[in-house]
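Each remark here refers to the structure printed beneath this line.
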């Protein structure tokens with residue numbers, strides 16, 4: 079279901095590929111507008127999981143954000159299932175992600191360790207950078223920006239579970 083694409087739906091056989099192509103456009107499915115909005119929000123949010131400084135660095139998502147995303151993903155999957163189950167065969171490749179236990183404290187501790195010394199992480203992973211100071215500064219600036227974004231996502235959701243945030 080999740081991928082860094084415009085749609086999380088993929089054709090798995092020749093008949094479906096003939097009808098929809100390989101990656102299925104959301105507009106071609108009989109989903110409600112509310113479900114499309116929420117699904118597009120999940121796609122945008124999932125993309126934001128990538129570290130904005132360098133994609134191989136850990137995500138800035140807090141444990142709370144991971145929990146929020148999992149909860150949202152479950153809700154939207156249930157909506158999709160309810161709207162499409164009688165028309166299409168749905169295969170959930172995100173079952174594990176949707177149901178794994180999220181250790182909020184562990185995630186937060188790992189994120190804090192990275193934020194406190196990103197150059198150590200980079201050195202251990204063989205990731206090159208100009209200087210420790212410049213790397214640390216870039217990470218700190220990007221993380222402060224992410225904190226605002228994360229807060230906005232959860233605030234918007236609490237105000238309107240349909241999540242109309244761009």
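In our numbering, the protein residues as written are 79 to 244. Even glycine gets a Cβ: it sits at the ideal position worked out from N, Cα and C. Bear in mind that the values here come from a model prediction, so they are computed numbers and not experimental data.
Check: Taking Cβ to Cβ, would you say residue 197 is nearer than 8 Å to residue 214?; Outcome: yes
Check: Tell me the rounded alpha-carbon separation between residue 227 and residue 219.; Outcome: 13 Å
Check: Ordered along the chain, which non-local residues of its own chain (more than five positions away) have a Cβ less than 7 Å from that of residue 127?; Outcome: 137, 139
Check: Under the assumption that residue 150 contacts residue 159 (Cβ atoms under 8 Å), give the Cβ distance between them as a whole number of angstroms.; Outcome: No, residue 150 and residue 159 are not in contact; Cβ-Cβ is about 15 Å, not under 8 Å.
Check: Please state the DSSP three-state secondary structure of residue 97.; Outcome: helix
Check: Going by DSSP in three states, residue 88 sits in which element: helix, strand or coil?; Outcome: strand
Check: Determine the direct distance from the alpha carbon of residue 152 to that of residue 176, and round the result to whole angstroms.; Outcome: 6 Å
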